[in-house]
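Structure record follows, encoded as C-alpha coordinates.
Numbering (this note's numbering), first residue to last: 455 to 909.
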(Lines of atoms letter the chains of each structure in order from A and count residues from 1; the text may use other names and numbers.)
(Lines give C-alpha, C1' and ligand atoms only; values in the text may rest on other atoms or scores of the structure.)
Protein backbone atom coordinates (compact mmCIF):
# COMPACT_ATOMS: atom_id res chain seq x y z
CA UNK A 1 0.00 0.00 0.00
CA UNK A 2 2.74 2.48 0.92
CA UNK A 3 4.95 2.30 -2.23
CA UNK A 4 7.98 2.28 0.05
CA UNK A 5 11.27 3.06 -1.71
CA UNK A 6 9.79 5.70 -4.02
CA UNK A 7 11.59 9.03 -4.27
CA UNK A 8 9.51 11.95 -3.00
CA UNK A 9 10.01 15.72 -3.02
CA UNK A 10 7.88 17.68 -0.57
CA UNK A 11 7.51 21.30 -1.68
CA UNK A 12 6.37 23.60 1.10
CA UNK A 13 6.53 27.07 2.57
CA UNK A 14 6.75 25.50 6.06
CA UNK A 15 9.90 23.34 6.06
CA UNK A 16 9.72 22.44 9.74
CA UNK A 17 6.27 20.93 9.29
CA UNK A 18 7.39 19.12 6.13
CA UNK A 19 10.47 17.70 7.89
CA UNK A 20 8.22 16.05 10.48
CA UNK A 21 6.28 14.37 7.67
CA UNK A 22 9.52 13.52 5.86
CA UNK A 23 10.90 11.75 8.95
CA UNK A 24 7.80 9.57 9.16
CA UNK A 25 7.96 8.73 5.47
CA UNK A 26 11.67 7.88 5.65
CA UNK A 27 10.88 5.46 8.46
CA UNK A 28 8.51 3.75 6.01
CA UNK A 29 11.31 3.31 3.46
CA UNK A 30 10.79 6.34 1.21
CA UNK A 31 13.61 8.56 -0.03
CA UNK A 32 12.40 12.05 0.83
CA UNK A 33 13.74 15.56 0.27
CA UNK A 34 12.14 18.83 1.34
CA UNK A 35 12.20 21.97 -0.80
CA UNK A 36 11.22 25.31 0.71
CA UNK A 37 9.38 27.67 -1.63
CA UNK A 38 8.31 30.89 0.03
CA UNK A 39 5.15 32.21 -1.51
CA UNK A 40 4.18 28.74 -2.72
CA UNK A 41 0.47 29.47 -2.37
CA UNK A 42 0.89 32.49 -4.67
CA UNK A 43 2.94 30.65 -7.31
CA UNK A 44 0.84 29.43 -10.29
CA UNK A 45 1.54 26.00 -11.80
CA UNK A 46 3.82 27.26 -14.59
CA UNK A 47 5.89 29.20 -12.06
CA UNK A 48 6.04 26.16 -9.79
CA UNK A 49 7.23 23.97 -12.66
CA UNK A 50 9.91 26.51 -13.62
CA UNK A 51 11.09 26.57 -10.01
CA UNK A 52 11.36 22.80 -10.01
CA UNK A 53 13.31 23.05 -13.32
CA UNK A 54 15.28 19.85 -13.81
CA UNK A 55 14.80 18.62 -10.23
CA UNK A 56 11.43 16.98 -10.83
CA UNK A 57 13.02 14.28 -13.00
CA UNK A 58 14.99 13.01 -9.99
CA UNK A 59 11.80 12.06 -8.13
CA UNK A 60 8.92 9.69 -8.66
CA UNK A 61 6.48 12.18 -7.15
CA UNK A 62 6.44 15.84 -6.18
CA UNK A 63 3.93 16.56 -3.41
CA UNK A 64 2.63 20.01 -2.49
CA UNK A 65 0.28 20.84 0.42
CA UNK A 66 -3.42 20.47 -0.27
CA UNK A 67 -3.82 24.19 0.38
CA UNK A 68 -2.15 24.90 -2.99
CA UNK A 69 -5.01 26.63 -4.86
CA UNK A 70 -4.36 25.57 -8.48
CA UNK A 71 -5.13 22.38 -10.42
CA UNK A 72 -1.93 20.49 -11.31
CA UNK A 73 -3.51 17.92 -13.63
CA UNK A 74 -1.55 19.20 -16.66
CA UNK A 75 1.55 17.50 -15.19
CA UNK A 76 -0.15 14.10 -15.06
CA UNK A 77 0.54 12.34 -11.78
CA UNK A 78 4.03 13.72 -11.39
CA UNK A 79 2.91 16.57 -9.12
CA UNK A 80 0.26 15.68 -6.52
CA UNK A 81 -1.63 17.49 -3.81
CA UNK A 82 -1.24 16.07 -0.34
CA UNK A 83 -3.45 16.88 2.64
CA UNK A 84 -3.94 20.50 3.71
CA UNK A 85 -1.69 19.72 6.66
CA UNK A 86 1.41 17.72 5.72
CA UNK A 87 1.35 16.13 9.18
CA UNK A 88 -1.51 14.01 7.87
CA UNK A 89 0.53 12.79 4.90
CA UNK A 90 2.18 9.94 6.81
CA UNK A 91 -1.19 8.57 7.95
CA UNK A 92 -2.58 8.83 4.41
CA UNK A 93 0.29 7.03 2.68
CA UNK A 94 0.67 4.45 5.45
CA UNK A 95 -2.99 3.52 5.15
CA UNK A 96 -3.78 3.94 1.47
CA UNK A 97 -0.61 4.55 -0.55
CA UNK A 98 0.40 7.42 -2.82
CA UNK A 99 -2.12 6.53 -5.53
CA UNK A 100 -4.92 7.95 -3.39
CA UNK A 101 -3.50 11.48 -3.83
CA UNK A 102 -4.91 13.74 -6.55
CA UNK A 103 -3.29 16.45 -8.71
CA UNK A 104 -6.45 18.57 -8.55
CA UNK A 105 -7.87 18.30 -5.02
CA UNK A 106 -6.50 18.11 -1.49
CA UNK A 107 -6.79 14.66 0.06
CA UNK A 108 -9.50 15.84 2.47
CA UNK A 109 -11.80 17.01 -0.34
CA UNK A 110 -11.14 14.06 -2.66
CA UNK A 111 -11.49 11.33 -0.01
CA UNK A 112 -13.82 12.36 2.86
CA UNK A 113 -14.63 8.73 3.73
CA UNK A 114 -10.96 7.79 3.99
CA UNK A 115 -10.31 10.92 6.05
CA UNK A 116 -12.96 9.83 8.52
CA UNK A 117 -11.38 6.37 8.80
CA UNK A 118 -7.96 7.90 9.44
CA UNK A 119 -9.35 10.35 12.01
CA UNK A 120 -11.19 7.65 13.95
CA UNK A 121 -8.11 5.41 13.95
CA UNK A 122 -5.81 8.25 15.04
CA UNK A 123 -8.11 9.28 17.89
CA UNK A 124 -8.30 5.68 19.11
CA UNK A 125 -4.51 5.44 19.05
CA UNK A 126 -4.13 8.73 20.95
CA UNK A 127 -6.49 7.62 23.71
CA UNK A 128 -5.46 3.97 23.97
CA UNK A 129 -2.46 4.65 26.22
CA UNK A 130 -4.10 7.22 28.51
CA UNK A 131 -4.09 6.59 32.24
CA UNK A 132 -5.08 10.14 33.15
CA UNK A 133 -4.91 13.67 31.81
CA UNK A 134 -1.86 13.89 29.51
CA UNK A 135 0.85 16.45 30.25
CA UNK A 136 0.53 17.92 26.76
CA UNK A 137 -2.03 17.56 23.98
CA UNK A 138 -3.02 15.74 21.89
CA UNK A 139 -5.30 14.23 22.97
CA UNK A 140 -7.54 16.55 24.97
CA UNK A 141 -9.72 14.94 27.63
CA UNK A 142 -13.24 16.07 28.52
CA UNK A 143 -14.41 16.54 32.12
CA UNK A 144 -18.14 16.94 32.79
CA UNK A 145 -19.34 18.18 36.18
CA UNK A 146 -22.68 17.14 37.69
CA UNK A 147 -24.30 18.81 40.74
CA UNK A 148 -25.56 16.27 43.30
CA UNK A 149 -27.60 16.67 46.47
CA UNK A 150 -28.86 14.55 49.35
CA UNK A 151 -31.97 12.62 48.35
CA UNK A 152 -31.20 12.61 44.64
CA UNK A 153 -32.65 9.48 43.10
CA UNK A 154 -29.84 7.11 42.21
CA UNK A 155 -31.57 6.04 39.00
CA UNK A 156 -31.83 9.66 37.85
CA UNK A 157 -28.11 10.30 38.39
CA UNK A 158 -27.17 7.01 36.75
CA UNK A 159 -29.14 7.99 33.65
CA UNK A 160 -27.44 11.39 33.49
CA UNK A 161 -23.95 9.93 33.90
CA UNK A 162 -24.57 7.22 31.31
CA UNK A 163 -25.68 9.94 28.91
CA UNK A 164 -22.58 12.06 29.60
CA UNK A 165 -20.29 9.08 29.05
CA UNK A 166 -22.09 8.29 25.79
CA UNK A 167 -21.48 11.90 24.73
CA UNK A 168 -17.75 11.51 25.30
CA UNK A 169 -16.98 12.50 28.89
CA UNK A 170 -13.66 11.01 30.04
CA UNK A 171 -14.25 12.13 33.63
CA UNK A 172 -17.47 12.84 35.52
CA UNK A 173 -17.02 15.15 38.51
CA UNK A 174 -19.56 15.23 41.34
CA UNK A 175 -20.26 18.66 42.85
CA UNK A 176 -22.20 18.27 46.15
CA UNK A 177 -24.75 21.04 46.76
CA UNK A 178 -25.61 19.87 50.30
CA UNK A 179 -23.35 19.27 53.25
CA UNK A 180 -21.29 16.22 52.45
CA UNK A 181 -21.74 13.08 54.50
CA UNK A 182 -22.47 9.39 54.31
CA UNK A 183 -24.97 9.93 51.50
CA UNK A 184 -22.18 11.05 49.17
CA UNK A 185 -20.00 8.05 49.98
CA UNK A 186 -22.91 5.69 49.35
CA UNK A 187 -23.67 7.43 46.08
CA UNK A 188 -20.05 7.16 44.97
CA UNK A 189 -19.88 3.45 45.84
CA UNK A 190 -23.00 2.79 43.77
CA UNK A 191 -21.53 4.68 40.81
CA UNK A 192 -18.27 2.72 41.05
CA UNK A 193 -20.27 -0.50 40.85
CA UNK A 194 -22.32 0.64 37.87
CA UNK A 195 -19.48 2.36 35.98
CA UNK A 196 -16.32 0.45 36.95
CA UNK A 197 -14.15 2.05 34.24
CA UNK A 198 -15.36 5.62 34.74
CA UNK A 199 -12.85 8.17 36.01
CA UNK A 200 -14.70 9.88 38.82
CA UNK A 201 -13.93 13.27 40.36
CA UNK A 202 -15.07 15.36 43.31
CA UNK A 203 -15.42 19.15 43.40
CA UNK A 204 -15.63 20.07 47.09
CA UNK A 205 -14.01 21.95 49.95
CA UNK A 206 -10.37 20.98 50.69
CA UNK A 207 -11.26 19.28 53.99
CA UNK A 208 -13.79 17.07 52.20
CA UNK A 209 -11.28 16.21 49.49
CA UNK A 210 -8.81 15.07 52.14
CA UNK A 211 -11.44 12.89 53.83
CA UNK A 212 -12.74 11.16 50.70
CA UNK A 213 -9.56 11.14 48.64
CA UNK A 214 -9.48 7.37 48.06
CA UNK A 215 -12.92 7.36 46.43
CA UNK A 216 -11.98 9.54 43.46
CA UNK A 217 -9.50 9.84 40.60
CA UNK A 218 -9.64 13.64 40.20
CA UNK A 219 -9.87 16.15 43.04
CA UNK A 220 -11.02 19.77 42.59
CA UNK A 221 -9.56 22.11 43.76
CA UNK A 222 -6.79 23.54 45.93
CA UNK A 223 -4.97 26.84 45.77
CA UNK A 224 -1.36 27.01 44.67
CA UNK A 225 -0.23 27.96 48.17
CA UNK A 226 -2.03 24.96 49.68
CA UNK A 227 -0.50 22.67 47.06
CA UNK A 228 3.01 24.00 47.69
CA UNK A 229 2.67 23.31 51.44
CA UNK A 230 1.37 19.74 51.32
CA UNK A 231 0.03 17.30 48.74
CA UNK A 232 0.90 14.11 50.60
CA UNK A 233 -2.81 13.49 51.23
CA UNK A 234 -3.37 13.32 47.43
CA UNK A 235 -0.62 10.80 46.67
CA UNK A 236 -1.25 8.98 43.36
CA UNK A 237 -4.26 11.22 42.63
CA UNK A 238 -4.82 13.96 40.06
CA UNK A 239 -5.53 17.20 41.90
CA UNK A 240 -6.55 20.49 40.28
CA UNK A 241 -4.47 23.46 41.40
CA UNK A 242 -5.92 26.94 40.81
CA UNK A 243 -3.38 29.30 39.26
CA UNK A 244 -3.68 33.09 39.32
CA UNK A 245 -1.05 35.54 38.09
CA UNK A 246 0.49 35.89 41.56
CA UNK A 247 0.91 32.11 41.80
CA UNK A 248 3.11 31.67 38.72
CA UNK A 249 6.45 32.57 40.40
CA UNK A 250 5.82 29.84 43.01
CA UNK A 251 4.82 27.08 40.60
CA UNK A 252 8.19 25.41 41.03
CA UNK A 253 7.35 24.82 44.71
CA UNK A 254 4.03 23.21 43.71
CA UNK A 255 5.73 20.82 41.30
CA UNK A 256 8.47 19.91 43.78
CA UNK A 257 5.88 19.09 46.44
CA UNK A 258 3.91 17.04 43.90
CA UNK A 259 7.00 15.05 42.94
CA UNK A 260 7.85 14.41 46.58
CA UNK A 261 4.32 13.34 47.52
CA UNK A 262 3.42 11.40 44.38
CA UNK A 263 0.43 13.61 43.59
CA UNK A 264 -0.22 14.70 40.02
CA UNK A 265 -1.16 18.39 39.80
CA UNK A 266 -3.42 19.66 37.01
CA UNK A 267 -2.93 23.40 36.55
CA UNK A 268 -6.12 25.44 36.12
CA UNK A 269 -5.70 29.13 35.18
CA UNK A 270 -9.31 29.84 36.25
CA UNK A 271 -11.16 30.94 33.11
CA UNK A 272 -13.18 34.08 33.69
CA UNK A 273 -15.57 35.78 31.26
CA UNK A 274 -15.01 39.07 29.52
CA UNK A 275 -14.66 41.96 30.03
CA UNK A 276 -13.12 41.91 33.53
CA UNK A 277 -10.91 40.35 34.65
CA UNK A 278 -11.22 38.81 31.24
CA UNK A 279 -10.77 35.79 29.04
CA UNK A 280 -7.68 37.32 27.45
CA UNK A 281 -5.92 37.37 30.84
CA UNK A 282 -6.83 33.71 31.30
CA UNK A 283 -5.30 32.77 27.95
CA UNK A 284 -2.19 34.83 28.68
CA UNK A 285 -1.86 33.04 32.02
CA UNK A 286 -2.18 29.73 30.20
CA UNK A 287 0.59 30.76 27.83
CA UNK A 288 2.77 31.71 30.81
CA UNK A 289 2.43 28.30 32.47
CA UNK A 290 2.77 26.30 29.23
CA UNK A 291 6.47 25.45 29.84
CA UNK A 292 5.73 23.74 33.18
CA UNK A 293 5.71 19.94 32.94
CA UNK A 294 2.23 19.36 34.31
CA UNK A 295 -1.18 18.89 32.67
CA UNK A 296 -3.23 22.06 32.12
CA UNK A 297 -7.01 22.34 32.03
CA UNK A 298 -9.53 25.07 31.35
CA UNK A 299 -13.18 25.41 32.36
CA UNK A 300 -15.31 26.39 29.39
CA UNK A 301 -18.66 27.01 31.08
CA UNK A 302 -17.76 30.32 32.75
CA UNK A 303 -17.08 31.78 29.32
CA UNK A 304 -19.71 30.21 27.08
CA UNK A 305 -22.54 30.58 29.61
CA UNK A 306 -21.97 34.32 29.98
CA UNK A 307 -22.08 35.10 26.27
CA UNK A 308 -25.28 35.16 24.21
CA UNK A 309 -23.82 33.17 21.35
CA UNK A 310 -24.25 29.58 20.21
CA UNK A 311 -22.24 27.34 22.52
CA UNK A 312 -20.97 25.12 19.71
CA UNK A 313 -18.98 27.90 18.05
CA UNK A 314 -17.78 29.39 21.33
CA UNK A 315 -16.61 25.99 22.62
CA UNK A 316 -14.82 25.18 19.36
CA UNK A 317 -12.93 28.48 19.29
CA UNK A 318 -12.00 28.47 22.99
CA UNK A 319 -10.85 24.84 22.88
CA UNK A 320 -8.72 25.54 19.81
CA UNK A 321 -7.08 28.56 21.47
CA UNK A 322 -6.51 26.63 24.69
CA UNK A 323 -4.94 23.72 22.80
CA UNK A 324 -2.34 26.09 21.35
CA UNK A 325 -1.45 27.04 24.91
CA UNK A 326 -0.94 23.42 25.93
CA UNK A 327 -4.30 22.56 27.52
CA UNK A 328 -4.94 18.82 27.64
CA UNK A 329 -8.31 18.85 29.46
CA UNK A 330 -11.47 20.94 29.19
CA UNK A 331 -14.23 21.00 31.78
CA UNK A 332 -17.93 21.76 31.29
CA UNK A 333 -21.11 21.81 33.33
CA UNK A 334 -24.54 21.62 31.70
CA UNK A 335 -26.06 24.09 34.15
CA UNK A 336 -28.65 25.81 31.93
CA UNK A 337 -30.96 25.22 28.98
CA UNK A 338 -28.38 26.75 26.64
CA UNK A 339 -25.71 24.41 28.02
CA UNK A 340 -27.60 21.18 27.31
CA UNK A 341 -25.33 18.99 25.21
CA UNK A 342 -22.21 20.97 26.12
CA UNK A 343 -20.39 17.73 26.90
CA UNK A 344 -20.88 16.45 23.35
CA UNK A 345 -19.85 19.82 21.90
CA UNK A 346 -16.72 19.80 24.07
CA UNK A 347 -15.94 16.24 22.94
CA UNK A 348 -16.17 17.17 19.26
CA UNK A 349 -14.22 20.41 19.79
CA UNK A 350 -11.50 18.55 21.72
CA UNK A 351 -11.17 15.87 19.05
CA UNK A 352 -11.05 18.55 16.32
CA UNK A 353 -8.28 20.38 18.18
CA UNK A 354 -6.41 17.12 18.88
CA UNK A 355 -6.40 16.15 15.20
CA UNK A 356 -5.41 19.67 14.18
CA UNK A 357 -2.40 19.51 16.52
CA UNK A 358 -1.44 16.00 15.42
CA UNK A 359 -1.64 16.87 11.73
CA UNK A 360 -0.34 20.44 11.86
CA UNK A 361 -3.38 21.93 10.16
CA UNK A 362 -6.33 24.15 10.96
CA UNK A 363 -9.31 22.52 12.67
CA UNK A 364 -11.10 22.36 9.32
CA UNK A 365 -11.74 19.28 7.21
CA UNK A 366 -10.62 16.89 9.94
CA UNK A 367 -13.81 14.76 9.52
CA UNK A 368 -15.46 16.43 12.54
CA UNK A 369 -17.37 19.71 12.70
CA UNK A 370 -19.53 21.90 14.94
CA UNK A 371 -21.32 23.66 12.07
CA UNK A 372 -24.76 23.49 13.64
CA UNK A 373 -26.12 26.78 12.31
CA UNK A 374 -24.65 28.15 9.10
CA UNK A 375 -24.01 25.89 6.12
CA UNK A 376 -20.40 25.36 5.05
CA UNK A 377 -20.90 25.05 1.29
CA UNK A 378 -22.63 27.26 -1.28
CA UNK A 379 -24.57 24.24 -2.56
CA UNK A 380 -26.09 21.69 -0.15
CA UNK A 381 -28.23 18.70 -1.11
CA UNK A 382 -30.09 16.46 1.34
CA UNK A 383 -32.60 13.76 0.34
CA UNK A 384 -33.49 15.35 -2.97
CA UNK A 385 -33.68 18.92 -1.67
CA UNK A 386 -31.00 21.22 -3.06
CA UNK A 387 -30.27 24.72 -1.73
CA UNK A 388 -27.89 26.96 -3.66
CA UNK A 389 -26.62 30.28 -2.28
CA UNK A 390 -26.92 32.18 -5.57
CA UNK A 391 -26.22 35.61 -4.09
CA UNK A 392 -25.18 37.27 -0.85
CA UNK A 393 -28.82 37.47 0.28
CA UNK A 394 -30.42 35.07 -2.18
CA UNK A 395 -30.94 31.31 -2.35
CA UNK A 396 -32.41 28.94 -4.90
CA UNK A 397 -34.31 25.93 -3.57
CA UNK A 398 -34.87 22.87 -5.78
CA UNK A 399 -37.25 20.09 -4.77
CA UNK A 400 -39.44 17.62 -6.68
CA UNK A 401 -38.10 18.98 -9.97
CA UNK A 402 -39.26 22.53 -9.23
CA UNK A 403 -37.12 25.51 -8.23
CA UNK A 404 -37.77 28.69 -6.28
CA UNK A 405 -35.62 31.77 -5.72
CA UNK A 406 -35.91 33.50 -2.35
CA UNK A 407 -34.54 36.68 -0.81
CA UNK A 408 -33.03 36.06 2.62
CA UNK A 409 -33.90 39.56 3.84
CA UNK A 410 -37.63 39.35 2.98
CA UNK A 411 -40.16 39.25 5.82
CA UNK A 412 -40.58 35.46 5.82
CA UNK A 413 -39.55 33.81 2.56
CA UNK A 414 -39.66 30.31 4.06
CA UNK A 415 -43.48 30.36 3.77
CA UNK A 416 -43.07 30.22 -0.03
CA UNK A 417 -41.48 26.78 0.12
CA UNK A 418 -44.87 25.02 0.09
CA UNK A 419 -44.96 25.85 -3.62
CA UNK A 420 -42.13 23.40 -4.37
CA UNK A 421 -42.09 20.92 -1.47
CA UNK A 422 -44.38 19.05 0.90
CA UNK A 423 -44.17 16.53 3.73
CA UNK A 424 -40.65 15.58 4.87
CA UNK A 425 -39.09 17.46 1.95
CA UNK A 426 -40.78 20.66 3.10
CA UNK A 427 -39.24 20.21 6.55
CA UNK A 428 -35.78 19.62 5.04
CA UNK A 429 -36.17 22.57 2.65
CA UNK A 430 -37.24 24.86 5.51
CA UNK A 431 -34.29 23.91 7.72
CA UNK A 432 -31.73 24.20 4.92
CA UNK A 433 -33.17 27.53 3.77
CA UNK A 434 -33.09 28.91 7.29
CA UNK A 435 -29.45 27.82 7.72
CA UNK A 436 -28.44 29.08 4.26
CA UNK A 437 -30.01 32.48 5.02
CA UNK A 438 -28.34 33.05 8.39
CA UNK A 439 -27.85 35.61 9.90
CA UNK A 440 -30.79 37.35 8.14
CA UNK A 441 -33.19 34.45 8.77
CA UNK A 442 -32.90 34.95 12.54
CA UNK A 443 -34.92 38.15 12.06
CA UNK A 444 -37.74 36.68 9.91
CA UNK A 445 -41.04 38.09 11.18
CA UNK A 446 -42.78 34.70 11.19
CA UNK A 447 -40.13 33.28 13.54
CA UNK A 448 -39.98 36.06 16.11
CA UNK A 449 -40.25 34.55 19.55
CA UNK A 450 -38.59 31.40 18.22
CA UNK A 451 -35.21 32.60 16.95
CA UNK A 452 -35.13 35.80 19.01
CA UNK A 453 -36.55 34.60 22.31
CA UNK A 454 -33.36 35.22 24.26
CA UNK A 455 -32.73 38.71 22.97
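Glycine included, C-beta positions come from ideal geometry on N, C-alpha and C.
The C-alpha of residue 571 lies about 16 Å from the C-alpha of residue 802.
The beta carbon of residue 678 is closer than 8 Å to those of 695, 696, 697, 698, 701, 704, 705 and 708 in its chain, skipping five residues each way along the sequence.
As the crow flies, the alpha-carbon of residue 560 is around 11 Å from that of residue 540. Residue pairing by DSSP places residue 842 opposite 833 and 850 in a beta bridge.
Contact annotation, residue 623 with residue 598: C-beta distance approximately 4 Å; criterion of less than 8 Å satisfied. The continuous alpha helix (DSSP H) containing residue 620 extends over residues 608 to 620. Secondary structure at residue 867: helix, using DSSP grouped into helix, strand and coil. Looking from the CA of residue 756, the closest CA among 772, 744 and 832 belongs to 772. When C-beta atoms of the stretch 486 to 498 are compared with those of the stretch 545 to 563, fewer than three pairs fall below 8 Å, so the two segments do not count as touching.
About 6 Å separates the beta carbons of residue 775 and residue 737, which is inside the 8 Å limit, making them a contact pair. The way I'd put it, the stretch 774 to 794 doesn't touch the stretch 498 to 508; fewer than three beta-carbon pairs between them come closer than 8 Å. Residue 474 is not a Cβ neighbour of residue 516, given a cutoff of 8 Å.
Here residue 833 is not near residue 854, since their CB atoms are 8 Å or more apart. Separation of residue 639 and residue 669 (C-alpha to C-alpha, rounded to the nearest whole angstrom) is 8 Å.
Within the same chain, 673 come within 6 Å of residue 663 by CB-CB distance, once the 5 residues on both sides are set aside.
With contacts defined as CB atoms closer than 8 Å, residue 521 and residue 495 qualify as a contacting pair.
The residue from 484, 513, 514 and 518 with its alpha-carbon nearest to that of residue 497 is 518. Your pair residue 631 and residue 651 does not check out as a contact, with CB atoms roughly 26 Å apart and the cut at 8 Å. The stretch 887 to 895 and the stretch 857 to 876 touch, with no fewer than 3 CB-CB distances between them shorter than 8 Å. A check of alpha carbon separations from residue 878 across 606, 675, 838 and 500 identifies 838 as the nearest. Residue 788 sits in coil when the DSSP states are folded into three classes, being neither helix nor strand. Comparing C-alpha distances from residue 472 to each of 512, 654, 537 and 580 shows the shortest one belongs to 537.
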